[in-house]
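Student:
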Amino acid sequence: MKRVLRTISMKILALDLGDKWVGSALSDALKLFARPYKTVGLYELTKFLEETFLNEKIDTVLIGYPKTMKGTESEQTKKVVAQKEELEKLFPEKKFILWDERLSSKRAEQTKKTSSKEAKLQSHSIAAAFILESYLNYLQFTK
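Take 219 as the starting number for the sequence shown in the working numbering and just add one per residue.
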């Protein structure tokens with residue numbers, strides 16, 4: 219019984235890794251909802267993860283996997299896989315999952331109301347929330 223309660227209370231962190239910016243999103247403890255969290259510079263990612271893992275109960279990190287529309291790998295796909303492998307070495311106690319992110323950035327761009335720098339930064343976290351939402355929906359239908 220304790221194991222079930224522990225699993226339910228853990229959150230999922232989603233990352234939308236880019237060349238300059240990383241968008242993030244968090245699930246709720248029941249893993250039903252996704253909300254945009256923060257956008258940080260790629261150079262700040264390790265510090266951001268350390269702080270987030272200290273402040274939030276996270277067992278799984280979902281990383282947007284940028285396949286092409288044909289489902290093949292691109293140079294960006296290879297970069298993301300390499301970053302995931304580095305993060306797995308830095309945080310071996312966490313579970314890292316690659317998750318298809320196709321069209322998440324385009325959906326996020328469509329939600330913003332202005333073209334300000336702040337809105338552009340926020341769109342990275344919105345994209346991460348779309349990625350996480352897709353994964354949470356998957357979990358609901360595979361239980």
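Glycine residues also receive a C-beta, built at the ideal position from the N, C-alpha and C atoms.
Going by DSSP, what residues sit across from threonine 257 in a beta bridge?
Tutor: According to DSSP, which records beta bridges pairwise, threonine 257 is partnered with Gly241.
Student: Quick one: using the 10 Å Cβ neighbour count with 16 as the cut-off for buried, is isoleucine 315 buried or exposed?
Tutor: exposed
Student: Going along the chain, which residues of its own chain have a beta-carbon closer than 8 Å to the beta-carbon of glycine 259, five neighbours each way excluded?
Tutor: Lys238, Trp239 and Val240
Student: Which residue wins for smallest C-alpha separation from leucine 250, given the options Leu267, Glu262 and Ile230?
Tutor: Ile230
Student: Give me the Cα-Cα distance between aspartate 234 and phenylalanine 266, rounded to the nearest whole angstrom.
Tutor: 14 Å
Student: With 16 as the cutoff for other CB atoms within 10 Å, does serine 227 come out buried or exposed?
Tutor: Classification of serine 227: exposed, given that the 10 Å Cβ count is below 16.
Student: Could you spell out where the alpha helix (DSSP H) holding leucine 272 opens and where it closes?
Tutor: 263 to 273
Student: Alpha carbon to alpha carbon, what distance is there between asparagine 355 and leucine 272?
Tutor: 27 Å
Student: For leucine 244 versus arginine 253, is the C-beta spacing smaller than 8 Å?
Tutor: yes
Student: Which class does leucine 248 belong to by DSSP, given the choice of helix, strand or coil?
Tutor: coil
Student: Could you pull the start and end residues of the alpha helix (DSSP H) that lysine 288 belongs to?
Tutor: Here lysine 288 belongs to no alpha helix (DSSP H), and DSSP marks it neither H nor E.
Student: If you drop the 5 nearest sequence neighbours on each side, which residues of the same chain put their C-beta closer than 6 Å to that of threonine 278?
Tutor: Ile230 and Lys313
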